[in-house]
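Novice: For the first sequence, full-length UniProt numbering begins at 1 and goes up steadily by one.
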Amino acid sequence: MTSLPIRPAPHTGPAAGEVIVDWFAGAARDLPWRRPGVDAWAVLVSEVMLQQTPVARVEPVWREWLARWPRPSALAAASPADVIRAWGKLGYPRRALRLREAAAAIAERHGDVVPSAVPELEALPGIGTYTARAVACFGHGQRQPVVDTNVRRVVARLVHGRAEAGTARAADLDDVAVLAPVDEQRAVRFSVAIMELGALVCVAGTPRCGTCPVRDRCAWRLAGSPAHDGPARRVQKFAGTDRQVRGRLLDVLRAAPEPVDAAALEPAWDDAVQRSRCLDSLLADGLVEQTEDGLFRLPA
DNA sequence: TACTCGTGGGA
DNA sequence: TTCCCAAGAGT
């Protein structure tokens, strides 16, 4: 007699997307850019700041930016130096320059109004697949699949039964779209809800499955929570990299009220070759400029 | 596709 | 202490 595998009965309750939306109603964080009356420009600014940057660090800077530059045209009129300084230490300061360029494009091409069409959003500097849909959905109330690293991890586990998400791909959008509720209002809520689930419960380290609203239908749990089988993804080194050196150099220039000479940058990093290479790359990126008399400063 | 691009908090 | 990693985009 053949032994049949023991498996849980297929889930027959409400669809996972509906359950996640209902969970969100009671579990959502009260983040300032989610409050009523926050316009698409404020949402766009938040989304760019949140790229690879934790919520706690973004909050105060976001408030300052919106108070100072309440419309795209206001940001477009600011100098790169002001924008880079206001960016503070959020990291990846090229985002600040691109956000300013996006603001200029919105002011010039879209009448100072953040567009709602995804292709128009994706055409803006610094706005890619994720951010374009996030702005269309969260800023304009549009039904859109919004896929970030949290969502890809939730889908990997819940739908595909894998411990970790692989490399991002176009099909990720379809995976999420089929989970979304039919009702448009709930579909919009779903897009933020599944992100929140990944950020609070279905986390990268040790998932808190005990509090997960869809644990009874999670393909990964039903498969016995198998460990990740693929290649371990490389951890990004930082100490000693050009990224660290660029950060040090920019730190000096952010703090300097006047242009400085090359000697003033020496304390930032001992290795002269690497220091010079990084300064060149900052110049090339438009994060630093050289005055006529050879001094360095943030671009005026 | 794989790599680069900051920063700092928490496990 | 060391390591992981956090609402990606551009090349």
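By construction, the Cβ of each residue, glycine as well, lies at the ideal position given by its N, Cα and C atoms.
#1: Assuming residue 64 is part of the alpha helix (DSSP H), what are its boundary residues?
#2: Buried or exposed for residue 111, going by 16 or more other Cβ atoms inside 10 Å?
#3: Determine whether the beta carbon atoms of residue 279 and residue 288 lie at a separation below 8 Å.
#4: Assuming contact is defined by CB atoms lying nearer than 8 Å, are residue 47 and residue 102 in contact in what I supplied?
#5: Terminal residues of the continuous alpha helix (DSSP H) containing residue 253?
#6: To the nearest angstrom, report how far apart residue 199 and residue 298 are at their CA atoms.
#7: Just the C-alpha distance for residue 54 and residue 276, rounded to the nearest angstrom, thanks.
#8: Based on Cα-Cα distance, which residue from 285, 155, 121 and 296 lies nearest to residue 96?
#9: Going by C-alpha distance, which of 265, 30 and 75 is nearest residue 282?
#10: Under three-state DSSP, which class holds residue 35?
#11: By the three-class DSSP mapping on this structure, what secondary structure does residue 208 have?
#12: Going by the beta-carbon positions, is the gap between residue 168 and residue 152 smaller than 8 Å?
#13: Please classify residue 260: does DSSP put it in a helix, a strand, or coil?
#14: Could you check how far apart the C-beta atoms of residue 42 and residue 196 are, in whole angstroms? I think they sit under 8 Å.
#15: In this structure, does DSSP put residue 2 in helix, strand or coil?
#16: Nearest-angstrom Cα distance between residue 65 and residue 124?
#17: Using a Cβ distance threshold of 8 Å, determine whether the region 208 to 217 contacts the region 12 to 31, with at least three qualifying pairs required.
#18: Does the contact criterion of 3 or more C-beta pairs under 8 Å hold for the region 70 to 86 versus the region 106 to 120?
#19: From residue 2 to residue 222, what does the alpha carbon distance come to, in whole angstroms?
#20: Whole angstroms is fine: what's the gap from residue 19's alpha carbon to residue 52's?
#21: Could you please give me the residues that DSSP links to residue 296 through a beta bridge?
#22: Tell me the residue span of the alpha helix (DSSP H) that contains residue 92.
#23: Keeping to the same chain, check which residues put their C-beta closer than 8 Å to that of residue 118; ignore five residues upstream and five downstream.
#24: Would you tell me roughly how many angstroms separate the C-alpha atoms of residue 93 and residue 83, rounded to the nearest one?
#25: Between the C-alpha atoms of residue 16 and residue 217, what's the straight-line distance to the nearest angstrom?
#26: Between the alpha carbons of residue 271 and residue 90, how many angstroms are there, rounded?
#27: Quick check on the burial criterion: 16 or more other C-beta atoms within 10 angstroms. Buried or exposed for residue 139?
#28: When we look at the beta-carbon of residue 191 and count the other beta-carbons within 10 Å, is it buried (16 or more) or exposed?
#29: How about residue 187 and residue 180: are their beta carbons less than 8 Å apart?
#30: Roughly how far, in whole angstroms, is the beta-carbon of residue 50 from the beta-carbon of residue 58, given that I think they are within contact range, below 8 Å?
#31: Can the beta-carbon of residue 245 be found closer than 8 Å to that of residue 296?
#32: What does the Cβ neighbour count give for residue 148, buried or exposed, with the cut at 16 atoms within 10 Å?
Specialist: Walking through what the data contain:
#1: 55 to 68
#2: exposed
#3: yes
#4: no
#5: 242 to 255
#6: 35 Å
#7: 31 Å
#8: 285
#9: 265
#10: coil
#11: coil
#12: yes
#13: strand
#14: That belief does not hold up - the Cβ atoms of residue 42 and residue 196 are roughly 19 Å apart, past 8 Å.
#15: Note that residue 2 scores a pLDDT of 42, beneath 50, so its modelled location is shaky; the value from the coordinates is reported in the next line. Residue 2 falls in the coil class under three-state DSSP.
#16: 19 Å
#17: yes
#18: yes
#19: With a pLDDT of 42 at residue 2, under the threshold of 50, the predicted position of this residue should be treated as unreliable, and no value is reported.
#20: 28 Å
#21: 260 and 290
#22: Residue 92 -> no alpha helix (DSSP H), and no H or E assigned at all.
#23: 132, 133, 136 and 144
#24: 9 Å
#25: 8 Å
#26: 25 Å
#27: buried
#28: buried
#29: yes
#30: 6 Å
#31: no
#32: buried
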